[in-house]
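Student: Residue numbers (the numbering used here), protein chains in the order written: chain A, 56 to 827; chain B, 8 to 160.
Handing you a structure now.
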């Protein structure tokens, strides 16, 4: 392979580093109206009266929107395949406000100051309602967060809003109660029941959400947005504003990170409506406070895990009872819940019984949504902590327990078919799985044999090691779709047009590498244009670790067609049949060496002189399955017994991602994911006041890892080849984030004998647990 | 009010409001490498040089800049070719939103090391750059590039 498995720099690298104006706010028209949103100061209230007359009368104020001025059309903001598995429970603006930060009204003015002044002049009288702030008390709460009757799901998702339930899901394989009952009586069996909690986490992509819109010369609505899902945005805006899809164009320019936080509509509905009504360009750039308060968090969870195993370490049953907090709206509610099962349970595929029972409840908190890991990280913390607790009960090394029970190449799990994302999944025989090798290699690198259980002390500091394993997916089987168009230029270079959405990961570059590999040309000869609903073919977007696998396979198909076309046209030019010629990326030549034509010559004549035609090819791909990448992560921690502070000294993660198309970019995904996971494990915490106000609404109170918090890191990709992936690739975007919470919790236990079961593992929790 | 500033080597006169922050004025005047990533002077994406030293343009009133010299990423990019190459070679530019601010900071750090004000070792480099947050890379790729560029062993 020449162009894949090669660390070429990102195509946009130099432009980005030197600070070219390429993000949404950089390219917004200078005369765009500035849109600002009045947000609810109350966790739950009904707008009794709203008077915007003073704001509207101000010089420079163009339009003010309240719920009375917008179409009342329920929608889900979640950017998911249609029909979406999220309830249609959100309105552009509503009479009810359901969390501190929910939209009350929007103002568009000629400049920012005027817009801000105008917000202050809007008079709102609220009927304050009793909020639901404890998700464990949501279900039978007398306060109903969504009392309205015109909201609905697209299909059965266990939606029961009158009981504050956004979605629910249950499944069972075997008779789990019976296995547990028998196990409890059997002296050769053990049963472990434990409860875990995970917190909300904020994405903190460095570019705040931004969008602008205008009406073009044809009267069409153009939206430029920092979104992960331009094609979903087009469909959603069409639906909610009643503008035909053909009259909407959505463009994603360069965007400053997403991590799932931009897999939804945020400012687009309002900015589009302002532009549509006023026929003037309008922009809405969120403040960091708005990003924290009024976009998304990770779903907080309560996780009850029951494990049953024989004394020799054979797992017999796994049961999850899950409570999930979706906040004020049910976006990604069912799907993140199901991923908690579908991306953890198959790891231990030899059990007799599996049960998953989960409910997603509404609360009056900032809505939860998609966030890297997407449910799997919550479940991974619970399951992989519980596995260590089980190992201890069995008197067995945690590595040995895992090796006895993990999934291997050539095997399957019934979960793949039963649990998809909001729907049934897809059957799959695992064709690439180096999980066992990853565990063994990780143990070697961290020196498990000499470190586990040793509690190495140095003054007030104690060291410990811990591990966890994980799997993810590569796109959503049978749902995520990518497509690509390749056209040949008259100098022999190619345009690659993809709907796929590069969030900064480098996917534009990776897709170009795949095309270049097929065509036998240099990646430099592939010019990529992506994420523009008018000019690029359909793609569901960048989420679910899908781009390399799903969009990559589409690009590969398109490039193969182009290659065939070049051979056909080249043969015709040489007066031969396609079977008689070969193409090496530069020259089409007769196999007998008698004659040849360069690609450039062929391209030039096809456009200017002979048999003129555009050479163009397309390709589409939907994964019939979603091959999992795997990780085995080992950490060494040092805990200060006087303060309870946990430092990660060494972080070792061995990954099976299939072929890394661009090893450096894959490494950065793994490292970046690990650091976000370490943040979640140790200190990132979304906190609310007793009245439901977000306390951690800026970067001083919400702490993300700084460069001094990053441990020594050993990331290693095992040789692995996924036959269904482009050149053997699977995915790498999410797998890196899943393991840190459990691995660190297990290491803290190894050091101190203290088990922290609720994240984050703060010094206070460790300290007080030690004192017990 | 009017201020005169030397921006990226060229004197300019700008009409500003006394309450304008430098970040907003710079963006309005077309220096769009300067980003707003937070509201609390915490993220480092708005970093510029004022009279050669790094400063957070979101926290400085433009009115105080009269007669001063300001340098943005646009003004140093050509000098930082080797740094850009090193960062791109690691794939550590990622979404790029923090990149211009970080480049300004690395430029200042290089000068500080040359002047003997900052030690040339990994710990000192990390401490100098701690105010430039990144959420994509996990910092390690950036650091591989920065250490290479600065010759930190």
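Using N, Cα and C, we set each Cβ at its ideal position, and we do this for glycine too.
1) If we define contact as Cβ-Cβ less than 8 Å, is residue 69/A a contact residue for chain D?
2) Between the stretch 338-350 of chain A and the stretch 227-239 of chain A, do three or more beta carbon pairs fall short of 8 Å?
3) Can you name, in chain order, every residue of its own chain whose Cβ lies under 7 Å from the Cβ of residue 182/A, other than the five neighbours on each side?
4) For residue 547/A versus residue 681/A, is the C-beta spacing smaller than 8 Å?
5) Tell whether a beta-carbon distance below 8 Å holds between residue 497/A and residue 765/A.
6) Relative to the alpha-carbon of residue 276/A, which residue among 329/A, 424/A, 204/A and 316/A has its alpha-carbon at the smallest distance?
7) Just verifying my parser: in three-state terms, what is the DSSP assignment at residue 69/A?
8) Quick check on residue 162/A: does DSSP put it in helix, strand or coil?
9) On the DSSP letters alone, give me the boundaries of the beta strand (DSSP E) that residue 708/A sits inside.
10) Rounded to whole angstroms, what is the Cα-Cα separation between residue 587/A and residue 610/A?
11) In the stretch 81-105 of chain B, which residues sit with their C-beta less than 7 Å from some C-beta in chain A, listed in chain order?
12) For residue 669/A, does the count of other Cβ atoms within 10 angstroms reach 16, so buried, or fall short, so exposed?
13) Take residue 155/A and list the residues in its own chain whose beta-carbon comes closer than 7 Å to its own, dropping the five residues that flank it on each side.
14) Does DSSP classify residue 550/A as helix, strand or coil?
15) Starting from residue 31/B, follow the alpha helix (DSSP H) in both directions and report where the run begins and ends.
16) Helix, strand or coil: how does DSSP classify residue 60/A here?
17) If we ignore side chains and look at the alpha-carbon of each, how far apart do residue 406/A and residue 793/A end up?
18) Excluding five sequence neighbours on each side, which residues of the same chain lie with their C-beta closer than 6 Å to the C-beta of residue 752/A?
19) Nearest chain B C-beta to residue 65/A closer than 8 Å, yes or no?
20) Less than 8 Å between the CB atoms is what I'm expecting for residue 701/A and residue 803/A, so what's the real figure, rounded?
21) Taking the C-alpha atoms as reference points, what is the distance between residue 423/A and residue 685/A?
22) With three or more C-beta pairs closer than 8 Å as the rule, is the stretch 59-72 of chain A touching the stretch 254-261 of chain A?
23) Can you tell me which of the three DSSP states residue 65/B falls into?
24) Applying a beta-carbon distance threshold of less than 9 Å, which residues of chain A neighbour residue 137/B?
25) Identify the continuous alpha helix (DSSP H) that holds residue 333/A and give its terminal residues.
26) So, with DSSP's three-state summary, where would you put residue 513/A?
27) If you measure beta-carbon to beta-carbon, which residues of the stretch 11-30 of chain B are closer than 7 Å to chain A?
28) Measure from the alpha carbon of residue 698/A to the alpha carbon of each residue in 127/A, 517/A and 561/A, then state which is nearest.
29) Using a cut-off of 9 Å between C-beta atoms, extract the partners of residue 76/A located in chain B.
30) With DSSP as the reference, identify every bridge partner of residue 365/A, one or two as the case may be.
31) Could you please tell me which residues of the stretch 552-572 of chain A, in chain order, have their CB closer than 8 Å to any CB of chain B?
32) On the three-state DSSP scale, how would you describe residue 733/A?
33) With DSSP as the reference, identify every bridge partner of residue 471/A, one or two as the case may be.
34) Quick one: measure Cβ to Cβ for residue 209/A and residue 126/A, integer angstroms, because I've assumed they're closer than 8 Å.
35) Rank 219/A, 151/A, 203/A and 352/A by C-alpha distance to the C-alpha of residue 195/A and give the top, closest one.
36) Helix, strand or coil, according to DSSP, for residue 281/A in the structure here?
Tutor: The answer reads as follows:
1) Of the chains in the structure shown, none is chain D; the protein chains are A and B.
2) no
3) Within the first chain, residue 182/A is the residue found at index 127, counting from 1. Take residue 182/A, set aside five residues on each side of it, and the residues of its chain with a beta-carbon closer than 7 Å to its own are 100, 101 and 103, in chain order.
4) As a first step, residue 547/A must be located in the first chain, where it is residue number 492. As a first step, residue 681/A must be located in the first chain, where it is residue number 626. No, the pair does not count as a contact, with Cβ atoms beyond the cut-off.
5) Working through the first chain from its first residue, we reach residue 497/A at position 442. Working through the first chain from its first residue, we reach residue 765/A at position 710. Going by C-beta atoms, residue 497/A is not nearer than 8 Å to residue 765/A.
6) As a position in the first chain, residue 276/A is number 221, starting the count at 1. Taking only the C-alpha atoms, the option nearest residue 276/A is 329/A.
7) For this step, residue 69/A is matched to residue 14 along the first chain. Looking at residue 69/A - three-state DSSP - the assignment turns out to be helix.
8) In the first chain, counting from the first residue as 1, residue 162/A sits at position 107. Note: residue 162/A maps to strand in three-state DSSP.
9) What you label residue 708/A is simply residue 653 of the first chain in a count that begins at 1. Residue 708/A -> beta strand (DSSP E) spans 701-711.
10) In the first chain, the residue the question calls residue 587/A occupies position 532. In the first chain, the residue the question calls residue 610/A occupies position 555. In a straight line, the C-alpha of residue 587/A is about 16 Å away from that of residue 610/A.
11) 81, 84, 91, 94, 95, 96, 97, 98, 99, 100, 101, 102, 103, 104 and 105
12) Residue numbering aside, residue 669/A sits at position 614 when the first chain is read from its first letter. Label assigned to residue 669/A: exposed.
13) Against the first chain, residue 155/A aligns to sequence position 100. Correct list, in chain order: 95, 96, 97, 98, 348, 747, 748 and 749.
14) Here residue 550/A refers to the residue found at position 495 of the first chain. Here residue 550/A sits in strand by DSSP.
15) Taking the first residue of the second chain as 1, we reach residue 31/B at position 24. Its alpha helix (DSSP H) spans residues 29-35.
16) Mapped onto the first chain, residue 60/A falls at position 5. Coil at residue 60/A, not helix or strand.
17) The sequence position of residue 406/A within the first chain is 351, counting from 1. The sequence position of residue 793/A within the first chain is 738, counting from 1. Between residue 406/A and residue 793/A, the C-alpha separation is close to 22 Å.
18) Walking along the first chain from the start, residue 752/A turns up at place 697. Contacts found: 344, 347 and 348.
19) Residue numbering aside, residue 65/A sits at position 10 when the first chain is read from its first letter. It does; some Cβ of chain B falls within 8 Å.
20) Numbered from its first residue, the first chain carries residue 701/A at position 646. Numbered from its first residue, the first chain carries residue 803/A at position 748. Contact holds; Cβ gap of about 6 Å.
21) As a working mapping, residue 423/A is identified with position 368 in the first chain. As a working mapping, residue 685/A is identified with position 630 in the first chain. Distance between the alpha carbons of residue 423/A and residue 685/A is about 26 Å.
22) no
23) For the purposes of this step, residue 65/B is taken as residue 58 along the second chain, with counting starting at 1. In this structure, residue 65/B counts as helix in the three-state DSSP scheme.
24) Residue 137/B sits at position 130 when you count from the first residue of the second chain. Under the 9 Å cutoff, chain A gives 761, 762 and 763.
25) Counting from 1 along the first chain, the entry for residue 333/A is found at position 278. Residue 333/A -> alpha helix (DSSP H) spans 323-333.
26) Taking the first residue of the first chain as 1, we reach residue 513/A at position 458. Residue state, collapsed to three classes: strand.
27) Within the stretch 11-30 of chain B, no residue has a Cβ that lies closer than 7 Å to any Cβ of chain A.
28) To locate residue 698/A, count along the first chain from 1; it is residue 643. The option with the nearest alpha carbon to residue 698/A is 517/A.
29) As a position in the first chain, residue 76/A is number 21, starting the count at 1. Within chain B, the residues near residue 76/A are 37, 39 and 40.
30) Counting from 1 along the first chain, the entry for residue 365/A is found at position 310. DSSP, once it has assigned bridges, lists 244/A as partnering residue 365/A.
31) Considering only beta carbons, the part of the stretch 552-572 of chain A lying closer than 8 Å to chain B consists of 558, 559, 560 and 561, in chain order.
32) For the purposes of this step, residue 733/A is taken as residue 678 along the first chain, with counting starting at 1. Reduced to three states, the DSSP call for residue 733/A is helix.
33) Residue numbering aside, residue 471/A sits at position 416 when the first chain is read from its first letter. Under DSSP, residue 471/A shares a beta bridge with no residue.
34) Position 154 of the first chain, counting from 1, holds the residue named residue 209/A. Position 71 of the first chain, counting from 1, holds the residue named residue 126/A. Their Cβ separation, rounded to whole angstroms, is 19 Å, which puts residue 209/A and residue 126/A out of contact at 8 Å.
35) One-based indexing of the first chain puts residue 195/A at position 140. Nearest option by C-alpha distance: 219/A.
36) Here residue 281/A refers to the residue found at position 226 when the first chain is read from its first residue. Correct three-state label for residue 281/A: coil.
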